[in-house]
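Each remark here refers to the structure printed beneath this line.
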Amino acid sequence: MIVADTNLLVYLYLRGTRTPQAEAVLARDPTWAAPLLWRSEFRNTLARFVRRRALTLEEALRITGEAEQLMAGHEYAVVSHQVLELAARSRCSAYDCEFVALADDLRVALVTGDRRVLRAFPSTAVAIDRFAA
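Counting with numbering that gives the first Met the number 0, you get residues 0 to 132 for the letters of the sequence shown.
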């Protein structure tokens with residue numbers, strides 16, 4: 000099991016240059032977990048694509064369903080004080096620290112492309128390209 004940041008999910012479901020890396024991460028570890036926040040971040044990204052007409056609403060709904068199916072049973076609430084403590088000792092957003100807190104609680108790696116998170120939490124966060132290799 001890994002904690003997948005929202006960008007990893009975006010890379011998996013929206014074809015682009017990082018999609019092969021996301022697919023390699025999935026092949027290496029098919030059990031992805033995330034804080035409940037991932038849904039809002041993912042929907043927000045899809046909404047931006049729909050507004051720019053890069054996706055239709057129907058495509059966005061299909062992608063959302065597929066992503067929710069992948070994550071089913073592996074979505075978690077996180078403890079506020081833990082998130083705020085992580086945010087206070089780093090320059091990372093509370094949103095990002097939700098993923099770090101969950102990875103710490105589950106004692107698994109957070110796979111992310113976020114350089115700030117990678118720098119702030121080197122014992123928890125692993126770069127997508129490094130994990131996929």
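Heads up, the beta-carbon is just placed ideally off N, CA and C, and yes, glycines get one too.
Predicted model only: the values in this text are computed from it and were never measured.
Contacts around residue i, its chain only, beta-carbon distance under 6 Å, and the 5 residues preceding and following it disregarded
i, result
"residue 91", "115, 116 and 119"
"residue 54", "48"
"residue 125", "108 and 110"
Member of the options whose CA lies at the smallest distance from the CA of residue i
i, options, result
"residue 131", "14, 0, 24 and 125", "24"
"residue 75", "84, 6, 94 and 35", "35"
"residue 29", "55, 0 and 52", "0"
"residue 84", "73, 72, 70 and 100", "100"
"residue 38", "4, 50, 81 and 80", "4"
"residue 6", "98, 121, 104 and 93", "98"
Own chain partners of residue i with C-beta closer than 8 Å, once the 5 adjacent residues on each side are dropped
i, result
"residue 9", "41 and 44"
"residue 46", "59"
Span of the beta strand (DSSP E), counted from its first residue to its last, around residue i
i, result
"residue 34", "31-34"
Neighbour-count burial assignment, residue i, 16 or more Cβ in a 10 Å radius
i, result
"residue 141", "Within the shown structure, residues of the chain are numbered from 0 to 132, placing residue 141 beyond reach of any answer."
"residue 102", "buried"
"residue 77", "buried"
Residue span of the alpha helix (DSSP H) that contains residue i, given as start and end
i, result
"residue 86", "79-87"
For residue i, three-class secondary structure by DSSP
i, result
"residue 99", "helix"
"residue 56", "helix"
"residue 111", "strand"
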